[in-house]
Amino acid sequence: MTLSTKSFEIFCGTGGVGKTTLATARALNLSQNGKRVLLITIDPARRLKDLLGLQGDAVGEVTEVELLGSKLHALLMSPEKTIQRMAKKYNTPDLANNRIVQILSKPYGGMNEILSMVEVQMQFDSGSYDVVVLDTPPGAHFLDFLESLGKIRSFFDQNFIEIFSYLGQKTAKAGKKVFGMGIINRFISTGVRKLLGYLQNVTGAEFIDDFIQAIQIIYQSRDAFLKGLSLQDRLKSRSECNWFLVTSVEQGKAQEAVELRSHASHFIHEDHYLVLNKCLEQELKSWNPDESHLIQVKASLEGKEQLLKKKLNEVFPVVLEFPEVISLSPTDHIQHLTERWKSYAPQG
Ligand SMILES: Nc1ncnc2c1ncn2[C@@H]1O[C@H](COP(=O)(O)OP(=O)(O)OP(=O)(O)O)[C@@H](O)[C@H]1O
Ligand SMILES: [Mg+2]
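When the count follows my numbering, it moves up by one through the sequence shown with no breaks and lands on 941 for the last residue.
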């Protein structure tokens, strides 16, 4: 079994199955094969931070790391840093300065997923990498990440954006800094108007002005956001993206993988790989217990795993097996799993 390298590789799956470890090992394997690799994690748990020794300022910046004697570029997503990069690249400094945008782009501020897509696209556009390997958050969060692409489109489809844009032009012409409530009143219902007025009063700050400005600024940066949409097609394409749906031999995890795939079937193309992690087969083969109850334990473990593999092979087009690494050290896990990736590397 060999795997061809594509421009994007996505690791997804439910919690704790080994996505981050396998993605890191894969990135390492590709870089050992001479590929220019960027490993991006949008996993809020940030296990990679410890694995790669990335601290403080390195979060949100592409950093060259050395792992097990190989060099690799890695990026731990930070939405705030992405906003700053967008502001710079698209020359829209207000994007980084507006208070509402700042709140939205905090981790868990609501723009995390959209900004991840924009970041992936910006990094790929830099032309510095042959492959971008993406480590995603567990289960349902991963679906949010994919669905963010649709959200970008619907946000910019809204007619109300045009209204805010119009308001902005009016105030710019009048040379005023503050947006007039008079114009807003014409467009919005009494209920909403009451609410806005109330917010204006209780915040004491220029909340409404900041809000309108935030919408305008985001709209001005729409090219950057919409570029994320072109990524959607690339990720869906067989020739551009390898999808690795990760699961492990633990109880119930495989069923979760089947369910996750059916939820995401409109994103994951047909040539995806199921990665079965933490297999015990090899270890069990070399284990020869004398005591009868241990012989039973061995037979039971082997039987369970064989049954699981048989079932998965019926449901998934390709199943890649990775062993349980008998060690407590995450670095050992990566090292052994990188070795395993070698056996799936393309020939020549
Ligand atoms: N093949 C393996 N053998 C032994 N331990 C492993 C193996 N793969 C991963 N691990 C260990 O399992 C733990 C969970 O792995 P990892 O963080 O990669 O999972 P994850 O799917 O990214 O988790 P999360 O859903 O929290 O992001 C880590 O301690 C990792 O070192
Ligand atoms: Mg993880």
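Quick reminder that beta carbons are idealized off the backbone N, C-alpha and C, glycines included.
Go to residue 812, then tell me how far its alpha helix (DSSP H) extends in each direction, as first and last residue.
-> Along the sequence shown, read from residue 1 onward, the residue named residue 812 stands at position 219. Taken as a continuous stretch (DSSP letters only), the alpha helix (DSSP H) holding residue 812 covers 800-813.
Status (buried if at least 16 other CB within 10 Å, exposed otherwise) for residue 606 = Taking the sequence shown and counting its residues from 1, one reaches residue 606 at position 13. Buried, because 16 or more other Cβ atoms sit within 10 Å of the Cβ of residue 606.
Determine the direct distance from the alpha carbon of residue 863 to that of residue 842, and round the result to whole angstroms.
-> Taking the first residue of the sequence shown as 1, we reach residue 842 at position 249. Taking the first residue of the sequence shown as 1, we reach residue 863 at position 270. When rounded, the distance between both Cα atoms is 23 Å.
Does the Cβ-Cβ distance between residue 832 and residue 599 come in under 8 Å?
-> By 1-based counting over the sequence shown, the position of residue 832 is 239. By 1-based counting over the sequence shown, the position of residue 599 is 6. The answer is yes: Cβ separation under 8 Å.
Beta-bridge partners of residue 664, as assigned by DSSP = Working through the sequence shown from its first residue, we reach residue 664 at position 71. Residue 664 is bridged to 659.
Option in 817, 838 and 860 with minimal Cα separation from residue 707 = Here residue 707 is taken as the residue at index 114 of the sequence shown, counted from 1. Checking every option, the nearest Cα to that of residue 707 belongs to 817.
Check whether the Cβ atoms of residue 827 and residue 721 sit closer than 8 Å, and answer yes or no.
-> Residue mapping note: residue 827 aligns to position 234 of the sequence shown, counting from 1. Residue mapping note: residue 721 aligns to position 128 of the sequence shown, counting from 1. Contact flag unset, no.
Cβ-Cβ separation, residue 694 to residue 861 (assumed contact under 8 Å), whole Å | Residue numbering aside, residue 861 sits at position 268 when the sequence shown is read from its first letter. Residue numbering aside, residue 694 sits at position 101 when the sequence shown is read from its first letter. No, residue 861 and residue 694 are not in contact; Cβ-Cβ is about 32 Å, not under 8 Å.
Helix, strand or coil: how does DSSP classify residue 685 here?
-> Position 92 of the sequence shown, counting from 1, holds the residue named residue 685. DSSP places residue 685 in coil when its eight states are reduced to three.
Near residue 611, what residues of its chain come up, given a Cβ to Cβ distance below 7 Å and the 5 sequence neighbours on each side ignored?
-> By one-based count along the sequence shown, residue 611 stands at place 18. Excluding residues within five positions, the ones whose Cβ falls inside 7 Å are 839, 841, 870 and 871.
Cβ of residue 870 within 7 Å of any heavy atom in ligand 1?
-> In the sequence shown, residue 870 corresponds to position 277, counting from 1. Yes, Cβ of residue 870 sits closer than 7 Å to a heavy atom of ligand 1.
How would you write the range of the alpha helix (DSSP H) that residue 921 sits in, first residue to last?
-> As a working note, residue 921 is residue 328 in the sequence shown. It is not in any alpha helix (DSSP H) - residue 921 carries neither H nor E in the DSSP assignment.
Residue 687: CB within 7 Å of a non-hydrogen atom of ligand 2 | The sequence position of residue 687 within the sequence shown is 94, counting from 1. For ligand 2, not one heavy atom lies less than 7 Å from the Cβ of residue 687.
Anticipated Cβ contact below 8 Å, residue 911 with residue 905, distance rounded = Position 318 of the sequence shown, counting from 1, holds the residue named residue 911. Position 312 of the sequence shown, counting from 1, holds the residue named residue 905. In fact, because the Cβ distance is near 10 Å, the residues do not count as touching under 8 Å.
Span of the alpha helix (DSSP H) around residue 843 | The residue given as residue 843 occupies position 250 in the sequence shown. Note, residue 843: premise wrong, no alpha helix (DSSP H); not H, not E.
What do you reckon, are the CB atoms on residue 732 and residue 608 nearer than 8 Å?
-> What you label residue 732 is simply residue 139 of the sequence shown in a count that begins at 1. What you label residue 608 is simply residue 15 of the sequence shown in a count that begins at 1. A contact, by the Cβ cut-off of 8 Å.
Is the closest heavy atom of ligand 2 to the C-beta of residue 612 under 7 Å?
-> As a position in the sequence shown, residue 612 is number 19, starting the count at 1. Yes, ligand 2 has a heavy atom inside 7 Å of this Cβ.
Identify the continuous alpha helix (DSSP H) that holds residue 718 and give its terminal residues.
-> Here residue 718 corresponds to residue number 125 of the sequence shown, with the count starting at 1. From DSSP, the alpha helix (DSSP H) with residue 718 extends over 705-718.
Where residue 787 sits in the DSSP three-state scheme | In the sequence shown, residue 787 corresponds to position 194, counting from 1. If DSSP states are grouped into helix, strand and coil, residue 787 belongs with the helices.
Return the first residue and the last residue of the alpha helix (DSSP H) that residue 908 is part of.
-> By one-based count along the sequence shown, residue 908 stands at place 315. Where residue 908 is concerned, the enclosing alpha helix (DSSP H) stretches over 885-908.
Counting along the chain, where does the alpha helix (DSSP H) carrying residue 697 start and finish?
-> What you label residue 697 is simply residue 104 of the sequence shown in a count that begins at 1. Its alpha helix (DSSP H) spans residues 692-697.
For residue 914, the first and last residue of its enclosing beta strand (DSSP E) | In the sequence shown, residue 914 corresponds to position 321, counting from 1. Where residue 914 is concerned, the enclosing beta strand (DSSP E) stretches over 912-916.
Report buried or exposed for residue 821, applying the criterion of at least 16 other Cβ atoms within 10 angstroms of its Cβ.
-> The sequence position of residue 821 within the sequence shown is 228, counting from 1. The residue in question, residue 821, is buried, as its Cβ has 16 or more Cβ neighbours within 10 Å.
Can you tell me whether residue 710 is buried or exposed, with buried defined as 16 or more other CB within 10 angstroms of its CB?
-> Indexing the sequence shown from 1 puts residue 710 at position 117. So residue 710 ends up on the buried side.
What's the call for residue 846, buried or exposed, on a 16-neighbour Cβ count within 10 Å?
-> Along the sequence shown, one-based indexing puts residue 846 at 253. Buried, since its Cβ has 16 or more Cβ neighbours within 10 Å.
How about residue 643: is its Cβ closer than 7 Å to a heavy atom in ligand 2?
-> In the sequence shown, counting from the first residue as 1, residue 643 sits at position 50. Checking every heavy atom of ligand 2 against the Cβ of residue 643, none is found closer than 7 Å.
So, using beta-carbon positions, are residue 795 and residue 602 closer together than 8 Å?
-> Position 202 of the sequence shown holds residue 795. Position 9 of the sequence shown holds residue 602. No; because the gap between Cβ atoms is not below 8 Å, this pair is not in contact.
Please indicate yes or no: does the CB of residue 886 lie closer than 7 Å to some heavy atom of ligand 1?
-> For the purposes of this step, residue 886 is identified with residue 293 of the sequence shown, where counting begins at 1. Every heavy atom of ligand 1 is 7 Å or more from the Cβ of residue 886, so no.
Is DSSP giving residue 871 helix, strand or coil here?
-> For the purposes of this step, residue 871 is taken as the residue at position 278 of the sequence shown. Residue 871: strand per DSSP, three-state reduction.
For residue 931 and residue 619, the rounded distance between their alpha carbons = Working through the sequence shown from its first residue, we reach residue 619 at position 26. Working through the sequence shown from its first residue, we reach residue 931 at position 338. Spanning the two alpha carbons is a distance of roughly 6 Å.
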